[in-house]
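Taking it in order: structure first as structure tokens, then the write-up.
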Ligand SMILES: [Zn+2]
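Residue numbers (my numbering): 147 to 792.
Next comes the structure, spelled out in structure tokens:
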């Protein structure tokens, strides 16, 4: 769908659709029920724990269908990561998930982009669709359906919906004269242009055009759309966007043209092949055609409301950029109402990303390339940063320094090192074998209580799409784990304690390992590889992990006599060395010592001292050497903190 970035790349063309096999191959059978508590889990259920909020049985989420006028950029990766996180969360909770993404491939802009590259439109689209699929694979995006609006099933579905709307008396032909922006692929109102008729978004002159088009009678649905947005406060989210949409609707809905006379790269209207269907009327229907498999040919008769329901419609949420809100929150409901189909439950408009505080753009030369980012740092780091750092719905910023700082601090240190240190102590003092089961630890154990308190909170945040809060709430557990280690200092008890103190120290290790294991489950929607590695390091099976079973204390497989014999390794590799993204500004990116305020300087000084104390502690008390991951990481932190002082 039309976005505002215009970049071209040269790619070799290829023919033939190359689609990822849908994970969701039995779309008709939405029969699997929610997983219920196991005996094991009930046994460990603590009265203080709040129940994990119930999840829906079915969950359909969509990303925008990305407009293939240009290569994928971070602005397309971002909502796709969010949709994948949601999908993974709901799958982990036993919901039947349908995760739809894809590409929007028709229209004048695509034709122009293809011509620029000396390709036919379909060659261009094939290459771009492949670029998207390849990036999704790098980013660990597990979609169920990748729809392309050039697929025959989609073209059939668009005709079906159009005919239904037509039969309902909602299509009419009229002359249209106005100012047309090719970038937006729409006629612009005076409010959307300056006095020289430049598009407010593209800052380029609009063309005056006059043509005969077919129009959709959106005005007929004024009352229904107005009350949809007024009565259903969650329909447009977050709430700040709702007011904007309500404002447009209250201004009075105007019919919009659904065809073009001079755009050959599109779906011809069956009743009048001299016209092709307008890109938005075409693309929005992709959310429906995505629910069909490629070889389904009886779609024209089949795309009924009840058939679509079987396949996962309506969507629980359309995740989109705030720039395409009008099409999703106003046009799309109108089309669906006319076609007699159910409306999506929610349209969620996410914010825009900036880089180092600046709007990204080709002219500024600061476009953040998601391929470079994920190739350089791995999928988990990229996924985690954008989910943890940007409150979903608000605008967010990327700076490579902040990216490294946050991801290193949270994933490499708080989680990774905690596991590493604890396993080293287990190896040295317990022959790598758990001396007791986490379930045997007292109900009021501080880490057990932390897990039982945080799990429902994390669940609620995921369901509310507050991904940053979900990450933070999960990290509360590892934070308590680190604090607990400092306070209990099990290495002291293990070295020179009484038998009773030795036993308590060993139990402390079990508690920490169990806490880290639960953190792995809670973070699995965001950092699937890290979670798998934590499980592998603990010598537990990650496949088949479920929220109901495995986010519960004592129910995830760690038990007395469980052996962790493999050598402890860094489950999350610290990100260090040369800057990958900010290569031109690398010299000063980590050197800010000159302009520090007294307050900042004192804070960094405290950080230096804290890091130095940790290094001493690891070496002197825990008996670790320079080659141990935990020591390497602590030394790296110490050096980084010192560097900040200049
Ligand atoms: Zn424009």
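A virtual CB, placed ideally from N, CA and C, is assigned to each residue, including glycine.
Kindly indicate which residue of 456, 520 and 302 has the alpha-carbon position closest to the one of residue 281. Indexing the chain shown from 1 puts residue 281 at position 135. Out of 456, 520 and 302, 520 has the C-alpha closest to the C-alpha of residue 281.
Under 8 angstroms, do residue 657 and residue 640 count as touching if we go by C-beta distance? Translated into the one-based positions of the chain shown, residue 657 becomes position 511. Translated into the one-based positions of the chain shown, residue 640 becomes position 494. In this structure, residue 657 keeps its C-beta atom at 8 angstroms or more from the C-beta atom of residue 640.
Go to residue 259, then tell me how far its beta strand (DSSP E) extends in each direction, as first and last residue. Position 113 of the chain shown, counted from the start, is the residue given in the question as residue 259. Judged by DSSP secondary structure, residue 259 falls outside any beta strand (DSSP E) and instead within the alpha helix (DSSP H) spanning 254-262.
Please name the residue, chosen from 714, 517, 442 and 486, that lies closest to residue 563 on a Cα-to-Cα basis. Sequence index remark: in the chain shown, residue 563 carries index 417 (1-based). Cα-wise, what sits closest to residue 563 is 714.
What does the alpha-carbon distance come out to for the pair residue 593 and residue 549? If you number the chain shown from 1, residue 593 lands on position 447. If you number the chain shown from 1, residue 549 lands on position 403. Using only the alpha carbons, I get a separation of about 29 angstroms.
In terms of alpha-carbon separation, which member of 310, 642, 718 and 503 lies closest to residue 555? Counting from one through the chain shown, the residue named residue 555 turns up at place 409. Distance check between residue 555 and each of 310, 642, 718 and 503 places 718 closest, using alpha-carbon atoms only.
In chain order, what residues of the same chain lie with their CB nearer than 6 angstroms to the CB of residue 726, ignoring the 5 residues before and after it? Within the chain shown, residue 726 is the residue found at index 580, counting from 1. Counting only Cβ-Cβ distances below 6 angstroms, and skipping sequence neighbours, we find 522.
Once DSSP output is grouped into helix, strand and coil, what is the label at residue 339? To locate residue 339, count along the chain shown from 1; it is residue 193. Correct three-state label for residue 339: strand.
What are the uninterrupted segments assigned as beta strand (DSSP E) that are 3 or more residues long and contained completely in the stretch 444-489, given in chain order? Listed in chain order, they are 463-467.
Do residue 797 and residue 278 have their CB atoms nearer than 8 angstroms? Since the first residue of the chain shown is 147 and the last is 792, residue 797 is not available in this structure.
Collapsed DSSP secondary structure at residue 658 in the structure displayed: Taking the chain shown and counting its residues from 1, the one referred to as residue 658 is at position 512. Helix, per DSSP.
Going by the beta-carbon positions, is the gap between residue 491 and residue 460 smaller than 8 angstroms? Numbered from 1 along the chain shown, position 345 holds the residue referred to as residue 491. Numbered from 1 along the chain shown, position 314 holds the residue referred to as residue 460. Yes; because the gap between Cβ atoms is below 8 angstroms, this pair is in contact.
So is the beta-carbon of residue 329 under 7 angstroms away from any non-hydrogen atom of ligand 1? Mapped onto the chain shown, residue 329 falls at position 183. Yes.
Going by C-alpha to C-alpha distance, which of 273, 425, 528 and 307 sits closest to residue 674? The residue you call residue 674 lines up with position 528 of the chain shown. The residue with the shortest Cα to Cα distance from residue 674 is 528.
Using the beta-carbon count (16 or more within 10 Å), is residue 419 buried or exposed? Sequence index remark: in the chain shown, residue 419 carries index 273 (1-based). With fewer than 16 other Cβ atoms within 10 Å, it is exposed.
Under a three-way DSSP split, which group does residue 419 fall into? On the chain shown, residue 419 is found 273 positions in, with the first residue counted as 1. DSSP places residue 419 in strand when its eight states are reduced to three.
Indicate whether the contact test is met: 3 or more Cβ pairs, each with one atom in the stretch 247-254 and one in the stretch 463-475, closer than 8 angstroms. In short, these stretches do not touch, since the Cβ pair count stays below three.
What's the C-alpha gap between residue 473 and residue 234? As a first step, residue 473 is located in the chain shown; it is residue number 327 there, counting from the start. As a first step, residue 234 is located in the chain shown; it is residue number 88 there, counting from the start. Residue 473 and residue 234 have their C-alpha atoms some 27 angstroms from each other.
For a minimum of 3 consecutive residues, which ranges assigned as the beta strand (DSSP E) are wholly contained in the stretch 500-554? Complete beta strand (DSSP E) runs here, min 3: 542-544.
Return the bridge partner residues of residue 244 from the DSSP annotation. Within the chain shown, residue 244 is the residue found at index 98, counting from 1. Residue 244 pairs with 206.
Is the stretch 700-707 touching the stretch 570-577, taking contact as three or more C-beta pairs under 8 angstroms? The answer is no - the stretch 570-577 does not touch the stretch 700-707, with fewer than three Cβ pairs under 8 angstroms.
Mind checking whether residue 543 and residue 507 have CB atoms under 8 angstroms apart? As a first step, residue 543 is located in the chain shown; it is residue number 397 there, counting from the start. As a first step, residue 507 is located in the chain shown; it is residue number 361 there, counting from the start. Judged by beta-carbon spacing, residue 507 lies beyond the 8 angstroms limit of residue 543, meaning their Cβ atoms are not closer than that value.
For residue 605, which of helix, strand or coil comes out of DSSP? Start at 1 with the first residue of the chain shown, and residue 605 comes out as number 459. Reduced to three states, the DSSP call for residue 605 is helix.
Would a C-beta distance cut-off of 8 angstroms place residue 669 and residue 620 closer than the cut-off? As a first step, residue 669 must be located in the chain shown, where it is residue number 523. As a first step, residue 620 must be located in the chain shown, where it is residue number 474. It is a contact, given that the beta carbons lie within the stated cut-off.
Should residue 348 be counted as a contact of ligand 1 given a C-beta to heavy atom distance under 7 angstroms? Here residue 348 refers to the residue found at position 202 of the chain shown. Answer for residue 348: yes, Cβ within range of ligand 1.
To the nearest angstrom, report how far apart residue 524 and residue 721 are at their CA atoms. Position 378 of the chain shown, counted from the first residue, corresponds to residue 524. Position 575 of the chain shown, counted from the first residue, corresponds to residue 721. Cα-Cα distance, rounded: 10 angstroms.
Does the distance from the C-beta atom of residue 204 to that of residue 458 stay below 8 angstroms? Against the chain shown, residue 204 aligns to sequence position 58. Against the chain shown, residue 458 aligns to sequence position 312. In terms of Cβ geometry, residue 204 and residue 458 form a close pair [threshold 8 angstroms].
When you compare only the Cα positions, how much space is there between residue 276 and residue 226? Position 130 of the chain shown, counting from 1, holds the residue named residue 276. Position 80 of the chain shown, counting from 1, holds the residue named residue 226. It is roughly 16 angstroms from the alpha-carbon of residue 276 to the alpha-carbon of residue 226.
Using a threshold of 7 angstroms, is the CB atom of residue 757 nearer than that to any non-hydrogen atom of ligand 1? For the purposes of this step, residue 757 is identified with residue 611 of the chain shown, where counting begins at 1. Short note on residue 757: C-beta not closer than 7 angstroms to any heavy atom of ligand 1.
Buried versus exposed, by CB contacts within 10 Å (16 or more), residue 297: What you label residue 297 is simply residue 151 of the chain shown in a count that begins at 1. Buried: at least 16 other Cβ atoms inside 10 Å.
Start and end residues, beta strand (DSSP E) containing residue 355: Counted from its first residue, the chain shown places residue 355 at position 209. That run of the beta strand (DSSP E) goes 353-362.
Apart from the five residues just before and just after residue 660, which ones in its own chain have a Cβ nearer than 6 angstroms to its Cβ? As a working note, residue 660 is residue 514 in the chain shown. Excluding positions up to five away in sequence, the list reads 584 and 704.
Once the 5 residues before and after residue 424 are set aside, which same chain residues still bring their CB inside 7 angstroms of it? Taking the first residue of the chain shown as position 1, residue 424 is located at position 278. Same-chain partners within the cutoff: 403, 404, 405 and 406.
Determine the direct distance from the alpha carbon of residue 608 to that of residue 736, and round the result to whole angstroms. By one-based count along the chain shown, residue 736 stands at place 590. By one-based count along the chain shown, residue 608 stands at place 462. With a pLDDT of only 41 at residue 736, under the threshold of 50, the placement of this residue in the model should not be trusted, and no figure is reported.
Mark residue 636 as exposed unless 16 or more other C-beta atoms lie within 10 angstroms of its C-beta, in which case mark it buried. For the purposes of this step, residue 636 is taken as the residue at position 490 of the chain shown. Here residue 636 is buried. Its C-beta has 16 or more other C-beta atoms within 10 Å.
Counted within 10 angstroms of its Cβ, other Cβ atoms place residue 295 as buried (16 or more) or exposed: On the chain shown, position 149 is the one that residue 295 refers to. It counts as buried.
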